[in-house]
Amino acid sequence: MDNNKIATIMAQVREYIPEEKKMELQQRLSVMPDEAGMVISGVNFKSSTTTLILSIFFGYLGIDRFYVGDIGLGVLKLLTAGLMGVWSFIDIFLCYKKAKKKNYETILDCLKSFNN
């Protein structure tokens, strides 16, 4: 993939992935075919801002965990009422990063089909 396409993809995903993974993603994209860029452009990313808002207002119900795809932890958090608010408070800080991590994992899953 050429540098212009990589720059375009990175501009699209920069707010959705962890800062420390950006260089790694650029390196992975450089050896991928152009079709990989089209696949990544079609991915529905989880917004870390939305995750943060859900965590603040509905964290005690586990909605933030359901949103990022952690169904098991969401159910556990719902059943324990967020451990009386302690888990909910801690998750305000953790879910923001968790959304970015999940987005990065989604991109890697998309790129796996091109590694063959």
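Numbering (the working numbering), first residue to last: 34 to 149.
Even for Gly, the Cβ is constructed at its ideal location relative to N, Cα and C.
Everything numeric in this text was worked out from a predicted model, so none of it was measured.
Nearest-angstrom Cα separation, counted from residue j out to residue i
i, j, result
"residue 79", "residue 47", "13 Å"
"residue 97", "residue 103", "9 Å"
"residue 84", "residue 122", "13 Å"
"residue 115", "residue 100", "16 Å"
"residue 110", "residue 36", "44 Å"
"residue 73", "residue 94", "31 Å"
"residue 144", "residue 112", "36 Å"
"residue 68", "residue 42", "12 Å"
"residue 130", "residue 140", "16 Å"
"residue 77", "residue 90", "23 Å"
"residue 146", "residue 58", "15 Å"
"residue 82", "residue 44", "18 Å"
"residue 126", "residue 60", "29 Å"
"residue 120", "residue 107", "11 Å"
"residue 105", "residue 117", "18 Å"
Contact check, residue i vs residue j, beta carbons under 7 Å
i, j, result
"residue 38", "residue 70", "yes"
"residue 128", "residue 88", "yes"
"residue 34", "residue 65", "yes"
Anticipated Cβ contact below 8 Å, residue i with residue j, distance rounded
i, j, result
"residue 124", "residue 92", "5 Å"
| How do the region 51-66 and the region 130-142 stand: do at least 3 beta-carbon pairs fall below 8 Å, yes or no? | yes
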